[in-house]
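Q:
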Amino acid sequence: MQVDEYTLEKGNFLVSQPFMLEGSFRRTVIFLAEYNEKGALGFIINRPMDYKAEELMMDFPPFGDSAYFGGPVATNTIQYVHLRGDILDDSIEIINGIYWGGDFEKLKILIQEGLITDKELKFYVGYSGWSAGQLEDEIKHGSWIIAPPDVNLIFNTGNELAWKKVLEDLGENFEVIAQMPESFYLN
Numbered sequence: 396m397q398v399d400e401y402t403l404e405k406g407n408f409l410v411s412q413p414f415m416l417e418g419s420f421r422r423t424v425i426f427l428a429e430y431n432e433k434g435a436l437g438f439i440i441n442r443p444m445d446y447k448a449e450e451l452m453m454d455f456p457p458f459g460d461s462a463y464f465g466g467p468v469a470t471n472t473i474q475y476v477h478l479r480g481d482i483l484d485d486s487i488e489i490i491n492g493i494y495w496g497g498d499f500e501k502l503k504i505l506i507q508e509g510l511i512t513d514k515e516l517k518f519y520v521g522y523s524g525w526s527a528g529q530l531e532d533e534i535k536h537g538s539w540i541i542a543p544p545d546v547n548l549i550f551n552t553g554n555e556l557a558w559k560k561v562l563e564d565l566g567e568n569f570e571v572i573a574q575m576p577e578s579f580y581l582n
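The sequence shown lines up with residues 396 to 582 when you count with our numbering.
(1) Are P456 and I506 close, meaning C-beta to C-beta below 9 angstroms?
(2) Quick check: the Cα distance between I440 and F499, rounded to an integer number of angstroms?
(3) Work out the CA separation of S461 and Y446 for me, nearest whole Å.
(4) May I ask which residues mark the beginning and end of the alpha helix (DSSP H) holding A448?
(5) Would you call the region 551-566 and the region 480-490 touching, i.e. three or more CB-CB distances under 8 angstroms?
(6) Just to confirm before moving on: does the CB-CB distance between D454 and K503 stay below 9 angstroms?
(7) Which of the three DSSP states is assigned to D445 in this structure?
(8) Cα-Cα, which of I425, N431, T512 is closest to N458?
(9) Is it right to say P544 is buried, meaning 16 or more other beta carbons lie within 10 angstroms of its own, or is it exposed?
(10) Please state whether the Cβ-Cβ distance between Q412 and G537 is less than 9 angstroms.
(11) Between which two residues does the beta strand (DSSP E) carrying K560 extend?
(12) Fully enclosed by the region 451-480, which beta strand (DSSP E) runs are 3 residues long or longer?
(13) Quick check on the DSSP output: the beta strand (DSSP E) that includes I490 runs from which residue to which?
(14) Go ahead and label I425 buried or exposed: buried means 16 or more other beta carbons lie within 10 angstroms of its beta carbon, across all protein chains shown.
(15) Using DSSP with H/G/I as helix, E/B as strand and the rest coil, what is M396?
(16) Alpha carbon to alpha carbon, what distance is there between D481 and L508?
(17) Please report the distance separating the alpha-carbon of Q529 from that of K535.
(18) What residues in its chain sit with their C-beta under 7 angstroms from that of T470, if we drop five residues either side in the sequence?
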C-alpha cells in the first residue's frame with residue numbers, strides 16, 4: 396500500500412497520529428517486523444518499561460537495557476530485534492541488517508561473552524498485530540503515518556522522544572503535528 400511517498404511494508408515505521416487516544420498506541424512509533432497478505436506485526440520502540448531483560452527471564456545474564464512494551468498482543472511473550480544476525484543462528488532478517496529472533500540459548504551466551512550489547516539488541520514484551528486488511532483500514536482512516544525506519548531510533552534512542560523525532564524528519568507538513576501538546580484534546 397502506497398501512502399504519500401512511503402510504502403506499507405516490513406521494516407518501515409508506523410507513527411500514530413496525535414489524535415489517537417487509545418492508551419497502547421498513543422504517541423507511538425512501531426517498527427514493522429512482518430507485513431504480508433495475512434496481516435502485520437511490529438514492536439513499539441518508544442515505550443521503555445521499568446524492568447530490565449534479566450528481571451523478566453529466568454537464567455538470563457545481566458543486560459543493562461530496559462525491556463520495552465512491544466504492544467498489547469501476547470504480553471506473556473518476549474521478542475527481540477537485533478543487529479547481529481551474522482552470529483545469532485536462526486535470526487530472521489527484517490531489512491538491511493536488522494533481525495528478529497534467533498537461537499535464544501546462543502543469545503544468552505553471546506550476551507555473557509559481551510559479543511552482543513544493548514546498542515545492538517532490544518527486548519519487547521508483547522507485540523502489536525493486525526489481521527489481513529486491518530492495518531490498511533486504519534491507515535485509510537488516518538490512524539497511522541508511514542515513515543522510513545531509522546536504525547538509531549530503534550537501537551540507540553528508543554525513548555519517548557522517538558515519536559516527535561520521526562515526525563520532524565518527515566518534513567514541514569509533519570513538524571506542526573510533532574509540536575502538538577499531548578493534552579491538545581483538553582483545550
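Ideal Cβ positions, reconstructed from N, Cα and C, are used throughout, including at glycine.
What you are looking at is a predicted structure, and each value in this text was computed from that prediction instead of being measured.
A: The structure says:
(1) Yes; because the gap between Cβ atoms is below 9 angstroms, this pair is in contact.
(2) Using only the alpha carbons, I get a separation of about 21 angstroms.
(3) The alpha-carbon atoms of Y446 and S461 are separated by roughly 6 angstroms.
(4) Here the alpha helix (DSSP H) through A448 covers 448-451.
(5) They do not touch, by the three-pair rule.
(6) At the C-beta level, D454 and K503 come within 9 angstroms of one another.
(7) Strand at D445.
(8) Here residue 458 is Phe; the residue named in the question, Asn, does not match the sequence. Checking every option, the nearest Cα to that of F458 belongs to T512.
(9) Residue burial annotation: P544 is buried, with at least 16 other C-beta atoms found within 10 angstroms of its C-beta.
(10) Contact: yes.
(11) It is not in any beta strand (DSSP E) - K560 instead sits in the alpha helix (DSSP H) that spans 557-564.
(12) List check, beta strand (DSSP E) in window: 461-464, 468-477.
(13) I490 -> beta strand (DSSP E) spans 487-490.
(14) Taking every protein chain shown into account, the CB of I425 has 16 or more other CB atoms within 10 angstroms, so this residue is buried.
(15) The predicted model places M396 with a pLDDT of 46, which falls under 50 and marks its position as unreliable; any figure quoted below should be read in that light. For M396, the secondary structure class from DSSP, reduced to helix, strand or coil, is coil.
(16) Before going further, note that residue 508 is Glu rather than Leu in the sequence given. For E508 and D481, the distance between alpha carbons rounds to 16 angstroms.
(17) One C-alpha to the other measures close to 10 angstroms.
(18) Answer for T470: V520, G521, listed in chain order.
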